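Asks: Sharing a structure here in C-alpha cells format.
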Amino acid sequence: MTAVAKLGPRAARRAAKLEATASRLEALTLPESGEWLRRARETALARLREIGLPDRRDEYWKFTDPATLVRTDAPAAALFEITDEAMVFDAIDRLRVVFVDGVFDPDASDELEAEGLEIVRLADAGGRDIHWAQELFGALEAEGQDPVTRPLAALNTAVATDGVLIRATARVARPVSLIYRRRDPSAELALHHVVKVEPGAELTLLENGPGAARVSTVTEMCIGDGGVLHHVRAQGRDHERRAITHLFARLGEQSVLKSFTLSANGALTRNESVVWLNGKGGSAHVAGAAMGDGAFHHDDTVFITHAAPDCESRQVFKKVLRHGAVGVFQGKILVHQAAQLTDGYQISQALLLDETSQFLAKPELEIYADDVKCSHGSTSGEIDADQLFYLRARGLPEETAKGLLVLAFLAEALDEIAREDLAEEIREKLRGWVSRHR
Amino acid sequence: MPNNDGKMTMAALDNTLEVREGVDRETVETVQSMAGKYKHGWETEIEMEFAPKGLNEDIVRLISEKNGEPEWMTEWRLGAFRRWQSMEEPDWAMLSIPPIAYQEQYYYAKPKSMAEKPKSLDEVDPKLLETYAKLGIPLKEQMVLAGVEGADAPAGRKVAVDAVFDSVSVGTTFKDELAKAGVIFCSISEAIKEHPELVKKYLGSVVPVSDNFFATLNSAVFTDGSFVYVPPGVRCPMELSTYFRINAENTGQFERTLIIADKGSYVSYLEGCTAPKRDTHQLHAAVVEIVALEDAEVKYSTVQNWYPGDEEGRGGIYNFVTKRADCREARAKVMWTQVETGSAITWKYPSCILRGEESSGEFYSIAITNNWQQADTGTKMIHLGKNTRSRIVSKGISAGHAQNTYRGLVSMHPKALNSRNYTQCDSLLIGDQCGAHTVPYIEVKNASSRVEHEATTSKVDDDQLFYCRQRGMDEEEAVALVVNGFCREVLQALPMEFAMEAQALVAISLEGSVG
Chain A
1 MTAVAKLGPR AARRAAKLEA TASRLEALTL PESGEWLRRA RETALARLRE IGLPDRRDEY
61 WKFTDPATLV RTDAPAAALF EITDEAMVFD AIDRLRVVFV DGVFDPDASD ELEAEGLEIV
121 RLADAGGRDI HWAQELFGAL EAEGQDPVTR PLAALNTAVA TDGVLIRATA RVARPVSLIY
181 RRRDPSAELA LHHVVKVEPG AELTLLENGP GAARVSTVTE MCIGDGGVLH HVRAQGRDHE
241 RRAITHLFAR LGEQSVLKSF TLSANGALTR NESVVWLNGK GGSAHVAGAA MGDGAFHHDD
301 TVFITHAAPD CESRQVFKKV LRHGAVGVFQ GKILVHQAAQ LTDGYQISQA LLLDETSQFL
361 AKPELEIYAD DVKCSHGSTS GEIDADQLFY LRARGLPEET AKGLLVLAFL AEALDEIARE
421 DLAEEIREKL RGWVSRHR
Chain B
439 MPNNDGKMTM AALDNTLEVR EGVDRETVET VQSMAGKYKH GWETEIEMEF APKGLNEDIV
499 RLISEKNGEP EWMTEWRLGA FRRWQSMEEP DWAMLSIPPI AYQEQYYYAK PKSMAEKPKS
559 LDEVDPKLLE TYAKLGIPLK EQMVLAGVEG ADAPAGRKVA VDAVFDSVSV GTTFKDELAK
619 AGVIFCSISE AIKEHPELVK KYLGSVVPVS DNFFATLNSA VFTDGSFVYV PPGVRCPMEL
679 STYFRINAEN TGQFERTLII ADKGSYVSYL EGCTAPKRDT HQLHAAVVEI VALEDAEVKY
739 STVQNWYPGD EEGRGGIYNF VTKRADCREA RAKVMWTQVE TGSAITWKYP SCILRGEESS
799 GEFYSIAITN NWQQADTGTK MIHLGKNTRS RIVSKGISAG HAQNTYRGLV SMHPKALNSR
859 NYTQCDSLLI GDQCGAHTVP YIEVKNASSR VEHEATTSKV DDDQLFYCRQ RGMDEEEAVA
919 LVVNGFCREV LQALPMEFAM EAQALVAISL EGSVG
C-alpha cells in the first residue's frame, strides 16, 4: 500500500464538480453595476464556486437533468406565436412592467408609480442607496442554500441583468404584473426581483409570458408582520423553452403568502420555492397546476420551513401528463422544535393520460416538534373508469367527459388563488389547453 | 438478572419529559421502560477463539479456511473484499454515524468448544445451550417454544431453530424432520459444502456483491448464517427461525441468510437477535437474500432487539443490514414484517423486486426509538412485472433524543402495467427532543398503475371515525378503536411465536397519535 492519500469517490466527485464549475465560470463577466450590487454579485459568485453547479448525480437533481440549464449557451428554442387566445391577465387592470428578451422596455410598460408602491429597476438600483432592497438582494438566496444547495439561484444573483425591486407600504389592490416577451429565438433571460411587503401591507404580483429560450428568475420576498402577498404566475406555452425559477419567501407574524403557478408545455421547467415561516401565526400556500403534452419535463421543488409556532402551510400540486411528459414533485416540510402547533399539508397528484408518461415524487417530512399536524399524500393513476362511465352514461361524448375530469382534477390547486378574477383567468387557460390537447 | 439501572432513568425522564396532551401515559411509560430495562444485556463467559484483529486479505482467507470452503467461495470473498476497499460508507441516511474503526475489531470469533463441529445437539457445549435457554430459545427438539398455547396454536407446534453465536452456527434443530419433507435448513457454511450447486446459483443473485458498502463487506467476511431451501410444492411443516446472539467484545457479526422457495412452496421464517450491554459500539452487517419462484410464498419476520445503548447513548449495536427479496416468477409472494426496537443505529431497508407477473410484496414495520437511538428504515418495492401488488404499512415511534426516519421507494417500471401500491406511514413523537421523518421516493412510469402514499402524524381516517361515531361511540372511544385496530394489523402480520414477544415489546397504544 502506498502512503499517498488517495481521494475517496465522494471527495473525488466533489473536486471534479468544483473544477467543472470553475471552468464554466471562467469566461463569465458580471454585469456593470453600482457599489452594493456589485458586492452582492461577487459574494454570490464566491458562494457558487464553493457549492458547485448541479449535475445529474446530485440527489436534489435525481429526477431532473440540469445539463441544459448549466451549459454556457442556451439551446435555441423556436418562437411560439400564440394566435388562438388572448394573453393571460389581459382582462385584469394592472400595472404592467414589460421585459423583452430579458431587457426592460419602458415604452411598453406603465409608469412605475402608484400609491403605496415603490418600484425601481434593478439595473438602475446599484448606484442608489435603497436600504430595504440592499438588505434582501442575494441575502434570502444565500440563506436558502442551506440545508440544500441551490447553485443556479446563486448564479442568477451574480449575473442577473435586470429585475424590479418592489416595496408595498399599503394595501395595494391593483396588481403589479411582470410580463416577459420574446423576440430573439436564442435570447436568454436572467432576472432577479426583490419584493418587500411592509407590515400590514398587501400586494398582488403577477408574472406571465414566454420569457426566452432559457429563463432564470429569482424572486426574493420578504413579508412583514400582518402583510399579505398574492403571487400568480403563468408560464408560457412555448414548447422548447427551458426555465429555472426560484422563489425565496420569508414571512413574519400573521403574514400570508399565496403563490400559484400554471405551467403548460415547455421542454424543461424547474420551479423551486423556498419558504420560511419565521413569525407566529404565518400562513404559506404554494400551489401549481401543470399540463404537459409530449416533450415536457416539469419539476416542482418546494421546501417549507416552520421555524415559529402556530403556522400553517399547504402545498398543492397537480399534474396532467400525456405523450411521454414527465412530472416531478419534490416537496418538503421541515418543522423546527420551536414550531409547535404547526399545521402542514402537502398533496401531489398526477393524472397520467397514457402509458408513456411519468410521475416522479419525493414528498418529505422532517419533524422535530411533537404537537403538530402534518400530513402528505401523493397519488398517481389514470382517469377513473367509474367517473368516466358516469359522465358517459349521462350522454357526454368521451372526449368532453375526459376534459371535464381533467379540469376537475386540477381544480383543487386553483382553489389556492384567493382572487376570483385571477382564478378565472387561469381557468380559462386550462380550458383552452384541454380543448387543444384532446 | 443484569445489574441494570433502568429505574433511575425512568425517574429522571418522568420529571423532565414534557408530554403533550393526548399522549397516553401508558405509552410513554412503556417506551421509557423499554429503554431502561434491556433484558438481554448479560454476557456468557465462554472461552473464545478469535482471528487476529483487523481486516485484510489474509483474514478473508482465514475465514474461508475456517469454514472449510471450496476455492470458488474464497475467490468470491476476495473479489468482494477488493471491491470494498474502494468503496465509501453511505452518507445519505438521516443518521449521524461516528467513524467506525474497521481495523479495530475481530471478524471471526467462535467458542473454543466448537473447534470440532458437534455432530448432534447433545454434543453442544452446555454453556451455549444455557445461553439460548436463558434467551427463551430452547435448542432441544422435544420442546416447543414457551408461551405458545391457546386455540390458535395446535398442541406441540414446532419451530426449527438455527442458533448463531458470534461467528458460528452452534446448532440447528429439527433438521431430520425437515429433511423428511425435503426442506433443507442448515447453516450457510454447511450449505456451501453440502449444497454448492444451490449456493452457487443463488448467492449474490439478489444482493450483488457490490450492492452497497455494508453488503460488500458482508460478502467478504460473512462467517455464518442460515440457509433454507424449500422444494417445489412443499409447505414447510414448521416455522423456521434463526436466533442471532452477539457475545464477544469488539466483534462484528456478519451473517448471511439465503432463503430459496421453489415453485409453489411456502415457508415462514423468524429472526431474533440480542447482544450484551457494553459501552462500545458493535457492528452488525448482515445480508438476507430471498428468492421466491412461481407461486411460492415467503414470510420473513424480525423482532430486532439488539442492545440499543444506554440512556446517554453509550454503546449499542450498529445494525446495518441489507435485506432483499426477489419475486422472480409469477405469483410469488413475499411479506416482510419487522418490529425494530433495538440497536443504537439502524440502517435497514427490506425490499422486494416484483419481477414475476402478479407477484406481490408486503412490508409491515413498527420502529421504536428512544434515548439516543437512530433509525433510518423502510422498504423498496420495485415493480417490474405486470399486475404486481405491494403494500407498505409503517409506524414510527420516537422518544427521548431519538431520530426515526421512514425511507422508501415505490417504483413502477414502464412494463409493470396495472400494478398497485398502497403506502401508509404514521409517526408519533413523544417529547420535544426527538424527531420523526418521512422520505418516500415515488417513481411511476406507466398510467395504468395506481400508487397511493399517505403519511401523517396526526389523524386517523375520518370515514372510519364517522362510522364509529354514528354507532354511538364517543370520539375517544372511536379513535382508540380505529388506532388499535390498525396497530394490531401490523402485529398480526407476525407469526404467533413472534407476536407474543413483539406484543410484550411494543405493548404500546398509539392513541397519542391522534390529536
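Those protein sequence lines, which keep their order, are chains A and B.
Per the numbering used here, the first sequence starts with residue 1, numbered consecutively.
Per the numbering used here, the second sequence starts with residue 439, numbered consecutively.
Don't be surprised by glycine CBs; every beta carbon is placed ideally from N, CA and C.
Just so we're clear, the structure is a prediction, and the values are computed from it rather than from any experiment.
(1) May I ask you to list, following chain order, the residues of the segment 152-186 of chain A that have a beta carbon less than 7 Å from some beta carbon of chain B?
(2) Any idea what DSSP makes of HIS246(A), helix, strand or coil?
(3) How would you write the range of the beta strand (DSSP E) that MET819(B) sits in, first residue to last?
(4) When you check each C-beta in the segment 870-893 of chain B against every C-beta of chain A, which residues fall closer than 8 Å?
(5) Please tell me whether SER886(B) and ASN856(B) are closer than 8 Å, where the distance is taken between their beta carbons.
(6) I need the straight-line Cα distance from ALA338(A) to LEU205(A), nearest angstrom please.
(7) Would you mind reading off the limits of the alpha helix (DSSP H) that contains LYS504(B)?
(8) Assuming VAL88(A) contacts GLU399(A) (C-beta within less than 8 Å), just tell me the rounded distance between them.
(9) Within 10 angstroms of its Cβ, does GLY754(B) collect 16 or more other Cβ (buried), or is it exposed?
(10) Could you name each continuous beta strand (DSSP E) segment of 3 residues or more that falls completely within the segment 519-582 of chain B, going from the start of the chain to the end?
(11) Which residue's Cα is closest to the Cα of VAL197(A): GLU207(A), GLN254(A) and ARG242(A)?
(12) For GLY381(A), would you say it is in contact with chain B, using Cβ-to-Cβ distances shorter than 8 Å as the test?
(13) Name, going along the chain, the residues of the segment 360-377 of chain A whose beta-carbon falls closer than 8 Å to a beta-carbon of chain B.
(14) Give the C-beta separation of ASN656(B) and GLU749(B) to the nearest angstrom, bearing in mind that I take them to be a contact with Cβ-Cβ under 8 Å.
(15) By alpha-carbon positions, which one of VAL602(B), LEU559(B), ALA539(B) and ARG499(B) ends up nearest to PRO549(B)?
(16) Considering only residues of the same chain and omitting the five flanking positions on each side of GLU85(A), which have a CB-CB separation below 6 Å?
(17) Taking 7 Å as the cut-off, is the C-beta of VAL218(A) nearer than that to any heavy atom in the ligand COA?
(18) Indicate whether at least one CB of chain A lies closer than 8 Å to the CB of TRP514(B).
(19) Between which residues of its own chain and MET511(B) is the CB-CB distance below 7 Å, once the five residues before and five after are set aside?
(20) Measuring alpha carbon to alpha carbon, tell me which residue in ARG121(A), ASP225(A), GLN134(A) and THR217(A) is nearest THR169(A).
(21) Taking the C-alpha atoms as reference points, what is the distance between LEU641(B) and GLU727(B)?
(22) Taking the CB atoms as reference points, tell me whether TYR546(B) and LEU493(B) lie closer together than 8 Å.
(23) If you compare alpha carbons, which of LEU360(A), GLY381(A), GLU50(A) and VAL120(A) is closest to ASP354(A)?
(24) Going along the chain, which residues of its own chain have a beta-carbon closer than 6 Å to the beta-carbon of ALA763(B), five neighbours each way excluded?
(25) Helix, strand or coil for TYR745(B) per DSSP?
(26) Nearest-angstrom Cα distance between VAL195(A) and LEU165(A)?
(27) Can you list, in chain order, the residues of its chain with a C-beta nearer than 6 Å to that of GLU527(B)? Leave out the 5 residues immediately preceding and following it.
(28) Measure from the alpha carbon of THR161(A) to the alpha carbon of each residue in VAL176(A), ARG183(A) and VAL100(A), then state which is nearest.
(29) Which residues mark the beginning and the end of the alpha helix (DSSP H) in which TYR667(B) is found?
(30) Quick check: is the beta carbon of ILE538(B) nearer than 8 Å to any beta carbon in chain A?
(31) Using the three-state DSSP reduction, which class does GLU9(A) fall into: helix, strand or coil?
(32) Beta carbon of TRP785(B), beta carbon of ALA531(B): below 8 Å?
(33) Here's the rule: buried if 16 or more other CB atoms are within 10 angstroms of the residue's CB, otherwise exposed. What is ASP300(A)?
(34) For GLY282(A), which residues in the same chain have their Cβ closer than 6 Å to its Cβ, ignoring the five residues on either side in sequence?
(35) Secondary structure at ARG128(A), three-state DSSP: helix, strand or coil?
(36) Using a Cβ cut-off of 9 Å, pull out every chain B residue sitting near LEU277(A), in sequence order please.
Replies: This is what the structure gives:
(1) none
(2) strand
(3) 818-821
(4) ASP870, GLN871, CYS872, GLY873, ALA874, HIS875, THR876, VAL877, PRO878, TYR879, ILE880, GLU881, VAL882, LYS883, ASN884, ALA885, SER886, SER887, ARG888, VAL889, GLU890, HIS891, GLU892 and ALA893
(5) yes
(6) 31 Å
(7) 495-504
(8) That pair is no contact at about 24 Å.
(9) buried
(10) 547-549
(11) GLN254(A)
(12) yes
(13) LEU360, ALA361, LYS362, PRO363, GLU364, LEU365, GLU366, ILE367, TYR368, ALA369, ASP370, ASP371, VAL372, LYS373, CYS374, SER375, HIS376 and GLY377
(14) With 8 Å as the limit, ASN656(B) and GLU749(B) do not qualify as a contact, their Cβ atoms being about 31 Å apart.
(15) VAL602(B)
(16) GLY432
(17) With respect to small molecules bound, the structure shown includes none, and the ligand COA cannot be examined in it.
(18) no
(19) SER502 and ILE630
(20) ASP225(A)
(21) 8 Å
(22) no
(23) GLY381(A)
(24) ILE728, VAL772 and CYS790
(25) coil
(26) 6 Å
(27) PHE651
(28) VAL100(A)
(29) That residue, TYR667(B), is in no alpha helix (DSSP H); its beta strand (DSSP E) goes 664-668.
(30) no
(31) It is worth fixing the name first, because residue 9(A) is Pro in this sequence and not Glu. In this structure, PRO9(A) counts as helix in the three-state DSSP scheme.
(32) yes
(33) buried
(34) LEU251, SER255 and CYS311
(35) coil
(36) Per Cβ cutoff of 9 Å: no residues; LEU277(A) is ~17 Å from chain B at best.
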